[in-house]
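Student:
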Amino acid sequence: MAATAVATANERLTGTWFGHPKGLFVLFFTEMWERFSYYGMRSLLVLYMVNYLFIHPDVGRRVLGFDAVKGALESVFGPLGAQPLSSQIYGLYTGFVYFTPFFGGLLADRVLGQRRTVVLGGILMAIGHFLMASERLFFPALMFLILGNGAFKPNISTQVGLLYPPGDPRRDSAFTIFYMGINLGAFFSPLVCGTLGQTIGWHWGFAAAGVGMVLGLCLYLWGQKHLAPDVLAQKRAQVAPVKEKMTREEWLRVGVLATVCALNIVFWGVYEQQGNTMQLWADRNTDWRFFGLTVPSTWYQAFNPAMIFLFTPMLTMFWASQARRNREPSSLTKMAFGCFLVGVAYTVMILATQGMAPDARRSVLWLAGMTVILTVGELYLSPVGLSFVTKVAPARMVSMLMGVWFLANFFGNYLTGYLGTFWEKMGHGRFFMMLTVLGVSAGVLMLLISKPLDKIVSKHDRGLA
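Counting from 1, position 378 in the sequence shown corresponds to residue 378 in UniProt numbering; the numbering is continuous, with no gaps.
See below:
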């Protein structure tokens, strides 16, 4: 196959590090810096709106487009105070960040190719982060970030898969390594951007996120020689390109991906509360004093990536042990278990609210315990899902279907914002119970349909063998 020949030739040309093509580590560090910028900005976003931007008496004049955005949301949901308004905007922003990758995938597959689309996305995101330094340009900044992420996100992930020929057993471990890069950036970003934003000034934190994006873009441009050719470039290199019709098997594989993505909406809606209502809990209901020092509440955002570093090797060894005994679950079963765990994680928070006054502060250990379970659930779903897309998607539309995977994040992140509007209405205990029920239900449903979907996937795998 052409993809096999290209991936093999590329590896011979560029060599390997630690048994993987050097291009994997270029993509690792590029994504690390991009995620540093994204999570650094996200760690501050809700607190910036709730504690500063939206409580100013003259906010309508200070923030371009504020009255229009608030009016549009209130026409649907009724009057919104600072917290529910911020939750809606958080959900819309993080949602559209994952809506635009579908179009970014189309742009790469049909017009620009993965490399140029990634560069375009990096430039747009850098502009957006620096615009966040202006209160007046808050909404235009979010728009630049949304468009930039749409161009960047699906195509950086797709390029990981392009480094390996079909059936290469290193692909799953490559995505696990790549996922570590995501979380390395996510770990340091709240410690840097969050601390700057909460202790020196909000705009310092946003500017630090912009610097991270520029560093990632420069690294990517420097390391392009180690990357595999774009799918579009491979097509154009053919002597006589032929339009291929979708086969029945390819349509079935697309259907499997669409079904899994639809179920993942609930997972992301519950999981992404970390940056929304859980950040409010961390800020208002958690004791951050350690040995006489009080650390910024945005450090909570470092819990999850730190635990990913801790648990990823353990989980990888556990799966390898299961594989040796022919007992490793399928990708779909793993993802079902991930949904189940993300719901179970909030039972810890239900216990934390028992007998608690609304403004009381609980030990940070409650947050840590919840994040342990949440992180294991994430590892069962997110990196497994990225690898699953590149294995199952037809090669000529892999970026577009990676965009479909992120489209589930769009609906899930909007669901995050919508659910967050109940934070002040329901009481925290009932709110956490709602999240538990949603996550567990999604996991059970995915497990019930995994067997028929696995049959389609295993048939495709046998075809590659």
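Where a beta carbon is used, it is the ideal one built from N, C-alpha and C, also for glycine.
#1: Tell me the DSSP secondary structure of Pro165 in three-state form.
#2: On the three-state DSSP scale, how would you describe Leu137?
#3: For Phe136 and Asp67, what's the separation of their Cα atoms in angstroms?
#4: CA-CA distance, Asp359 and Trp366?
#5: How is Thr353 classed by DSSP in three states: helix, strand or coil?
#6: Within the 8 angstroms Cβ cut-off, does Gly275 reach chain D?
#7: If you run the structure through DSSP and keep just helix, strand and coil, what is Arg289?
#8: Can you grab the Cα-Cα spacing for the pair Lys70 / Gly427, in whole Å?
#9: Identify the residues that DSSP records as bridge partners of residue 484: which are they?
#10: Is it true that the CB of Gly377 sits closer than 8 angstroms to the CB of Leu332?
#11: Straight-line CA distance for Gly343 to Leu435?
#12: Using only CA atoms, which one of Thr316, Ser363 and Val437 lies nearest to Ala174?
#13: Across the stretch 142-156 and the stretch 122-133, are there enough close Cβ pairs to call them in contact, namely three or more that are closer than 8 angstroms?
#14: Pick from Gly104, Arg42 and Gly185: whose alpha carbon is nearest that of Lys153?
#15: Thinking C-beta only, is Thr94 closer than 8 angstroms to Ala108?
#16: What are the residues that DSSP puts in a beta bridge with Ser363?
#17: Is the stretch 275-295 touching the stretch 182-189 in the sense that three or more CB pairs, one from each, lie closer than 8 angstroms?
#18: Using a threshold of 8 angstroms, state whether the C-beta atoms of Ile177 and Phe388 are closer than that.
#19: By how many angstroms is the C-alpha of Ala151 removed from the C-alpha of Phe77?
#20: May I have a chain-ordered list of the alpha helix (DSSP H) segments no shorter than 4 residues that lie completely inside the stretch 149-215?
#21: So Gln114 is in the alpha helix (DSSP H); what residue range does that whole segment cover?
Tutor: This is what the structure holds:
#1: coil
#2: coil
#3: Reading the sequence as shown, one finds Arg at residue 136 and not Phe. About 12 angstroms.
#4: 16 angstroms
#5: coil
#6: Here there is only one protein chain, and chain D is not present.
#7: strand
#8: 24 angstroms
#9: Residue 484 lies beyond the stretch modelled for the chain, which goes from 1 to 465, so this question has no answer here.
#10: no
#11: 6 angstroms
#12: Thr316
#13: yes
#14: Gly104
#15: no
#16: Asp287
#17: no
#18: no
#19: 31 angstroms
#20: 171-189 and 195-199
#21: Gln114 to Leu131
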